[in-house]
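Residue numbers (the working numbering), protein chains in the order written: chain A, 364 to 774; chain B, 364 to 774. In what follows, a structure is listed as structure tokens, so that the remarks can point back to it.
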DNA sequence: GACATATATTTAGATTCTAAATTTATGCCC
DNA sequence: GGGCATAAATTTAGAATCTAAATATATGTC
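Shown next, in the form of structure tokens:
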């Protein structure tokens, strides 16, 4: 009974560190965190890192070994050794594995990583386009996962969590936004399927957001906590980070630029891909010299895609280079607008355009400096086409690190 | 000595909850948090809210009373009382006070609030413009603070923290960005002055960011965690929140829109104020009927300000109403661009324009719906000209809540 | 005045921590 | 090989804190 009306029952349970057991748990988490960030450590290292007493540190380490998170190594030979040899502990990066999956429109890529993020296996499968039935696409995904696991010499049961990236907005609770019909084609029930088939927790996220996580983790954005990553291929999307926190927005659509037509000289929402196609088509029609671009278009037979233009430019095609120059100028406008709201320290360009960075960067940086007195740094991603998949791995790893002591490591 | 090279000494000390004392501290914080969010509570209430045992709860309450954060009330008479009367505890909202200060260009406003955020005192002083010397402006600030404290019947020594809002970017460590010369005029050493004079910790923040905090706390944005607040008067600035977290950007400039000239039909960075002035001047020159607007301009004698236009519109001036309609349309474009990057659930319009909301909202909402398939809600602030000062109070309260058990309550 | 009831307080036992004393394993020196 | 120095592990004793159960206390009811 609460005298004044409001019922607070159980409302703050999660805040409470009640029992002594919770204290031990906190110390386990702290020591595990230290171990994840260092290589093999001794008890003395942990005493210095955490401030805990020796007896406590050793007891916690024994608990962690018991739980399966930590291995004890044979005592190391050190150059100058005096005194009793120290016990040596190490975070067991193979206590399990995580998988990262990029579910694109044309293909799907799976990565398997250990708990330190070392990539152990990889596989890519073609999805057969949007028109393929859901069941077939789910089977393809399973196939890619199976191959990647085999490549990593791991079993399905070793997987602790799976991270999945898709080219649609995903809100904080992992639901795909259906505010545009187009995005429905990505909602084929991957989450339920993988949970039912293998018992994995599955985390869904937007591809541009995962790209930002990947850059922040191991790309040019390492150590940069206010970061924007532009994923540009057929479409453009931003992954935005402030203070190291990814932005989601009310329905997962933050960074999903759908309104570029309001920006002078950018045009339609799909501005950049459209520009590439239009300029390429015009150049071909005008009878420009037989370019690599035209050759590519001929070969593919399906018309010119933005990716084809980027690829041709990378191979030295002149028309494509001109197109990329124009694209760089347009991108500068989009980046400028984004940067005026977000104030990032660094903007990373990723996705298919990244391959043509040498041509793209100069106009982009020059124009950006014209628009802004203090423009952010602009760099090109070096993660290639693994950018989203690596982000999916990072998403899964974050989950493991956060919930480690709740997870069951099985055998 | 770490076997593998990296030195982790002390690196994770803050993570560790080592001793039993830390456990008690965590429980004190949890119980204090419950008390802050409810009125008077009994031990039984706290048991239900936290899951702790009765003996623990009572012991913690006694500790909190000892520390000065909690008061014990006389046992309450309840309609149906059976058994031994419960001891009644209450968070002592007068364990101290906080002050919030809005340091504007023309005037400064100070609020004094208790620890539940109830406003106890208020004072406003004119600053005498930008040209006044720093020392004089500091004296004016002290005067306003003194008056507000007297109004609240509080002493300088009762103040636990001061929050200060200024119309310049402030980075995470509280430094004013000097990327534009203009902003230097706000850097008059308030922080150092108040610390040295009264020993208060002083927290500096950008005014638009504080407006967002205020709306999230007690405005139309209550309960909305993905929120944008547009503070529009002479200048425009956004305070942006994602997942309840305020965005700062790399140098505190997030939401400081300085690039509206790239947006079709918005024009210069100071677009909106300039538009108001230009249209008003044109109307006056053309010899429009003697409007309230013109009268206001005559009275002020300093030319027409954006604020004057908003005020005139609120009083029924027709020309000003037309101007506001145009402004609403322009704002729609700015909001649309912001929303496509941020995906807020709600956009709140605050600042001087808010007074003219009845005229402004319709064109703003209509145009916004034209630009976006799923536009955010748009509402007008009801906090009036206290919006920034209330945010400064909230900033100070957040600090008190976070550091409560580290603060010395003095006597 | 006995009884029911809800709460406070006390007591006993468990867990976990720290700090100090003790033991153990290693290298070095004679 | 035996003693010594050293660094670490382990054991021990003591303190803080928690829980759960037993006991005491204050109130209303019959």
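Cβ atoms here follow ideal geometry from the backbone N, Cα and C, with glycine treated the same way.
Kindly give me the distance between the Cβ atoms of residue i and residue j, rounded to whole angstroms, as I take these residues to be in contact under 8 Å.
{"i": "residue 313 (chain B)", "j": "residue 577 (chain B)", "result": "Here chain B has residues from 364 to 774 only, and residue 313 (chain B) is not among them."}
{"i": "residue 561 (chain B)", "j": "residue 522 (chain B)", "result": "7 Å"}
{"i": "residue 582 (chain B)", "j": "residue 760 (chain B)", "result": "Contact flag wrong, Cβ pair sits at about 15 Å."}
{"i": "residue 566 (chain A)", "j": "residue 527 (chain A)", "result": "7 Å"}
{"i": "residue 564 (chain B)", "j": "residue 524 (chain B)", "result": "5 Å"}
{"i": "residue 464 (chain A)", "j": "residue 484 (chain A)", "result": "Contact doesn't hold; Cβ gap of about 12 Å is too wide."}
{"i": "residue 406 (chain B)", "j": "residue 428 (chain B)", "result": "With a Cβ gap of about 13 Å, residue 406 (chain B) and residue 428 (chain B) do not count as contacting."}
{"i": "residue 556 (chain B)", "j": "residue 501 (chain B)", "result": "5 Å"}
{"i": "residue 487 (chain A)", "j": "residue 507 (chain A)", "result": "7 Å"}
{"i": "residue 709 (chain A)", "j": "residue 584 (chain A)", "result": "6 Å"}
{"i": "residue 570 (chain B)", "j": "residue 529 (chain B)", "result": "6 Å"}
{"i": "residue 588 (chain A)", "j": "residue 606 (chain A)", "result": "6 Å"}
{"i": "residue 736 (chain B)", "j": "residue 707 (chain B)", "result": "Not really, about 15 Å apart at Cβ, beyond 8 Å."}
Within 10 angstroms of its Cβ, does residue i collect 16 or more other Cβ (buried), or is it exposed?
{"i": "residue 436 (chain A)", "result": "exposed"}
{"i": "residue 742 (chain A)", "result": "buried"}
{"i": "residue 416 (chain A)", "result": "exposed"}
{"i": "residue 683 (chain B)", "result": "buried"}
{"i": "residue 446 (chain B)", "result": "exposed"}
{"i": "residue 764 (chain B)", "result": "exposed"}
{"i": "residue 719 (chain B)", "result": "buried"}
{"i": "residue 494 (chain A)", "result": "exposed"}
{"i": "residue 616 (chain B)", "result": "buried"}
{"i": "residue 731 (chain B)", "result": "buried"}
{"i": "residue 747 (chain A)", "result": "exposed"}
{"i": "residue 766 (chain A)", "result": "exposed"}
{"i": "residue 586 (chain A)", "result": "exposed"}
{"i": "residue 771 (chain A)", "result": "exposed"}
{"i": "residue 411 (chain A)", "result": "buried"}
{"i": "residue 680 (chain A)", "result": "buried"}
{"i": "residue 477 (chain A)", "result": "buried"}
{"i": "residue 489 (chain A)", "result": "exposed"}
When you compare only the Cα positions, how much space is there between residue i and residue j?
{"i": "residue 687 (chain B)", "j": "residue 496 (chain B)", "result": "36 Å"}
{"i": "residue 574 (chain B)", "j": "residue 596 (chain B)", "result": "13 Å"}
{"i": "residue 728 (chain A)", "j": "residue 552 (chain A)", "result": "41 Å"}
{"i": "residue 541 (chain A)", "j": "residue 751 (chain A)", "result": "21 Å"}
{"i": "residue 704 (chain B)", "j": "residue 611 (chain B)", "result": "15 Å"}
{"i": "residue 537 (chain A)", "j": "residue 568 (chain A)", "result": "7 Å"}
{"i": "residue 383 (chain B)", "j": "residue 397 (chain B)", "result": "22 Å"}
{"i": "residue 608 (chain A)", "j": "residue 604 (chain B)", "result": "12 Å"}
{"i": "residue 657 (chain B)", "j": "residue 520 (chain B)", "result": "Caution is warranted here: a pLDDT of 46 is assigned to residue 657 (chain B), below 50, making its placement in the model unreliable, and the coordinate value is therefore given only provisionally. Approximately 48 Å between the Cα atoms of the pair."}
{"i": "residue 307 (chain B)", "j": "residue 618 (chain A)", "result": "Any property of residue 307 (chain B) remains undetermined from this structure, which presents chain B solely from 364 to 774."}
{"i": "residue 756 (chain B)", "j": "residue 430 (chain A)", "result": "47 Å"}
{"i": "residue 734 (chain A)", "j": "residue 693 (chain B)", "result": "20 Å"}
{"i": "residue 385 (chain A)", "j": "residue 491 (chain B)", "result": "57 Å"}
{"i": "residue 504 (chain A)", "j": "residue 461 (chain A)", "result": "15 Å"}
{"i": "residue 439 (chain A)", "j": "residue 452 (chain A)", "result": "11 Å"}
{"i": "residue 725 (chain B)", "j": "residue 715 (chain A)", "result": "42 Å"}
{"i": "residue 482 (chain B)", "j": "residue 509 (chain B)", "result": "15 Å"}
{"i": "residue 769 (chain B)", "j": "residue 456 (chain B)", "result": "17 Å"}
{"i": "residue 580 (chain B)", "j": "residue 590 (chain B)", "result": "12 Å"}
{"i": "residue 450 (chain B)", "j": "residue 433 (chain B)", "result": "12 Å"}
{"i": "residue 391 (chain B)", "j": "residue 498 (chain A)", "result": "54 Å"}
{"i": "residue 711 (chain B)", "j": "residue 532 (chain A)", "result": "24 Å"}
{"i": "residue 691 (chain A)", "j": "residue 602 (chain A)", "result": "19 Å"}
{"i": "residue 572 (chain B)", "j": "residue 713 (chain B)", "result": "12 Å"}
Self-check item: Length at least 4, wholly inside the stretch 529-574 of chain B: the alpha helix (DSSP H) runs in chain order
Solution: 553-561
Quiz item: If you scan the stretch 390-421 of chain B from start to end, which runs of the alpha helix (DSSP H) of 4 or more residues do you find wholly inside it?
Solution: 406-413
Quiz item: Using a beta-carbon distance cut-off of less than 8 Å, what residues from the stretch 717-748 of chain B approach chain A?
Solution: 734, 735, 736, 737 and 739
Quiz prompt | Entirely enclosed beta strand (DSSP E) segments - the stretch 672-743 of chain B, minimum 3 residues | solution = 709-713 and 740-743
Practice problem: Would you mind listing the beta strand (DSSP E) stretches within the stretch 435-472 of chain B that are 3+ residues and don't spill past its ends, in chain order? | Solution: 451-454 and 460-466
Exercise. Name, going along the chain, the residues of the stretch 688-701 of chain B whose beta-carbon falls closer than 7 Å to a beta-carbon of chain A.
Key: 696, 699, 700 and 701
Quiz item: Got a sec: which bits of the stretch 704-715 of chain A sit with their beta carbon under 7 Å from any beta carbon on chain B, in order along the chain?
Solution: 704, 705, 706, 707 and 708
Quiz item: If contact means a Cβ-Cβ distance below 8 Å, which residues of the stretch 602-618 of chain A contact chain B?
Solution: 603, 605, 606, 608, 610, 611, 612, 613, 614, 615, 616, 617 and 618
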